[in-house]
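This report refers to the structure that appears directly beneath it.
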Amino acid sequence: MKQQVLLSICGRQSYLDQEPDVIELVTEGTLEDRDGGWELTYEESELTGLKGVTTTFRAEPGKIVLSRKGPLTSQMVFQEGFHHESLYQMEFGTLMITVCATKVTYDIDHEGGTIDLTYAIEVEHSAAGVIDYHLDIRKK
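Here it is, written out as structure tokens:
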């Protein structure tokens with residue numbers, strides 16, 4: 396059953412030779428216990444630069460899948476120690492993205508929980524940086 400939740404999202408993007416970029420966002424979304432895993436869905440905003448995009452985190456044993464649909468379409472799979480390639484489709488073109496997760500943890504139940512991700516990212520096979528996400532999920 397889908398339930399309404401309040402999300403606190405903190406993302407830190409450290410790109411090569413640049414100061415880290417930190418984004419903090421509080422938004423509403425839904426949490427659903429589905430097919431042996433958890434699906435957390437929310438709408439992006441102008442603050443993230445992805446207005447009109449629907450983001451879903453699917454947490455299941457051993458991995459987390461991040462899917463985005465809308466003006467930007469992508470699906471990234473995070474499993475510790477594994478490289479996963481995916482297409483990052485934007486209005487002006489498509490890029491090949493490779494992610495290698497070094498931390499993939501979640502602790503979710505019907506009351507809410509947390510998701511923590513740390514991963515290195517490559518764009519078109521060139522190292523781009525490291526990204527950390529921390530999500531706090533609270534039942535409304």
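For the sequence shown, the working numbering assigns the number 396 to the initial residue and increments by one for each residue that follows.
Beta carbons are placed, not taken as given, at the ideal position from N, Cα and C, and that holds for glycine.
Cross-strand partners of residue i (DSSP beta bridge)
| i | result |
| --- | --- |
| A522 | E517 |
| Q399 | T425 |
| S462 | T451 and Q470 |
| D412 | For D412, which the question treats as bridged, DSSP gives no partner whatsoever. |
| S440 | Note: S440 sits in no beta bridge, so no partner. |
Extent of the continuous beta strand (DSSP E) to which residue i belongs
| i | result |
| --- | --- |
| F452 | T449 to E455 |
| E480 | H478 to M485 |
| D502 | G488 to D504 |
Below-9 Å beta-carbon distance, residue i vs any chain C residue
| i | result |
| --- | --- |
| L402 | No chain C appears in this structure, which consists of one protein chain only. |
C-beta contact flag for residue i and residue j at 9 Å
| i | j | result |
| --- | --- | --- |
| V400 | R407 | no |
| E427 | E438 | no |
| S409 | V525 | yes |
| F473 | I492 | no |
| L411 | A522 | yes |
Three or more beta-carbon pairs under 8 Å between the stretch 508-516 and the stretch 450-459, yes or no? yes
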